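When we follow the numbering used here, the leftmost residue of the sequence shown carries the number 5, and every step to the right adds one.
I have placed the structure first, in the form of structure tokens, so that the comments after it can refer back to it.
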Amino acid sequence: MFKLAIIVGTDRPNSKSQVMAKYVHELYSERGVDAQVFSMADFPLGSVIGGPYGKNLPEIEAFREPILACNALLFVIPEYNGSFPGVLKVFIDYLPFPDAFVATPIAYIGISAGAFGSLRAVEQFQMVANYRNALSYPERVFVSRFSKNFSTDLGLTVPLEQELLLNQTNGFIDFVKRMQ
Ligand SMILES: Cc1cc2nc3c(=O)[nH]c(=O)nc-3n(C[C@H](O)[C@H](O)[C@H](O)COP(=O)(O)O)c2cc1C
5 MFKLAIIVGT
15 DRPNSKSQVM
25 AKYVHELYSE
35 RGVDAQVFSM
45 ADFPLGSVIG
55 GPYGKNLPEI
65 EAFREPILAC
75 NALLFVIPEY
85 NGSFPGVLKV
95 FIDYLPFPDA
105 FVATPIAYIG
115 ISAGAFGSLR
125 AVEQFQMVAN
135 YRNALSYPER
145 VFVSRFSKNF
155 STDLGLTVPL
165 EQELLLNQTN
175 GFIDFVKRMQ
């Protein structure tokens with residue numbers, strides 16, 4: 005089975021995206037995928053103060069290499085001010101160019117406190133992933149009003165959202181296998 009990086013798109017302590025990533029990790033593990041959760045909370049932001057783009061930065065390398073060693077990526081993206089968190093863009097800007105993400109299967113889950121489930125954030129992030137020639141999995145999941153619509157025991161409490169999540173999980177596994 006393939007290796008999957010589940011990436012929490014924020015560095016906010018106690019973030020709901022982290023909770024969702026943990027739940028999704030269970031779903032993939034149950035299906036035999038070698039999944040691991042990575043978080044922007046561990047991105048070494050201090051190492052990029054001053055803008056050392058293109059320099060050899062051991063802390064950045066140590067953070068990104070296990071992610072880039074995976075066969076597929078799943079981003080859990082919260083909506084911050086109608087977009088995705090800035091730390092996630094900084095992470096992208098310190099990936100090797102142009103190779104990182106080329107032909108990499110990527111799936112997306114959006115999470116928000118508001119009514120639109122991070123649709124804007126995911127679509128904006130997908131523009132960046134598409135620019136980097138990723139293979140975006142078309143079935144995305146958007147979780148609105150996360151605190152109300154998620155339970156750690158049951159997952160997504162809106163039946164349609166849970167169904168979409170399970171469809172995405174099963175479909176993405178199939179997609180990645182076919183791309184290998
Ligand atoms: C800086 C910031 C900006 C936010 N902007 C939005 C927003 O534009 N729309 C929205 O629905 N929720 C917004 N939220 C709420 C998050 O979507 C909410 O916290 C959700 O649980 C996912 O983020 P989390 O992983 O940080 O918990 C914002 C939260 C923060 C910290």
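Here a beta-carbon is modelled for each residue, glycine too, at the ideal position from N, C-alpha and C.
Since we're looking at a predicted model, the values are computed, not measured.
Beta-ladder partner(s) of residue i, from DSSP
i, result
"residue 80", "12, 113"
"residue 159", "155"
"residue 46", "BP columns for residue 46 are empty, so no partner."
"residue 40", "9"
Neighbour-count burial assignment, residue i, 16 or more Cβ in a 10 Å radius
i, result
"residue 172", "buried"
"residue 107", "exposed"
"residue 111", "buried"
"residue 184", "exposed"
"residue 178", "exposed"
"residue 98", "buried"
"residue 89", "buried"
"residue 176", "buried"
"residue 78", "buried"
"residue 5", "exposed"
"residue 68", "buried"
"residue 117", "exposed"
Rounded distance between the beta-carbons of residue j and residue i, thought under 8 Å
i, j, result
"residue 82", "residue 13", "6 Å"
"residue 76", "residue 8", "5 Å"
"residue 47", "residue 91", "6 Å"
"residue 132", "residue 96", "6 Å"
8 Å Cβ shell around residue i - same chain, five flanking residues per side excluded
i, result
"residue 167", "none"
"residue 94", "47, 49, 52"
"residue 27", "154, 156, 159"
"residue 128", "87, 88"
Cβ neighbours of residue i in the same chain (closer than 6 Å, five flanking residues each side left out)
i, result
"residue 121", "114, 146, 147, 148"
"residue 136", "105"
"residue 150", "20, 115"
"residue 66", "none"
"residue 71", "9, 42"
"residue 161", "153, 155"
Cut-off 7 Å between Cβ atoms - residues of its own chain near residue i, not counting five sequence neighbours on either side
i, result
"residue 32", "8, 39, 173"
"residue 123", "114, 146"
"residue 109", "76, 139, 141, 179, 180, 183"
"residue 22", "12, 43"
"residue 29", "10, 39, 41"
Residue-chain proximity (residue i, chain B), Cβ-Cβ < 9 Å
i, result
"residue 184", "The question asks about chain B, but that chain is absent: this structure has only one protein chain."
ask   = Can you list, in chain order, the stretches of the beta strand (DSSP E) that have 3 or more residues and sit fully within the stretch 86 to 146?
value = 109 to 115
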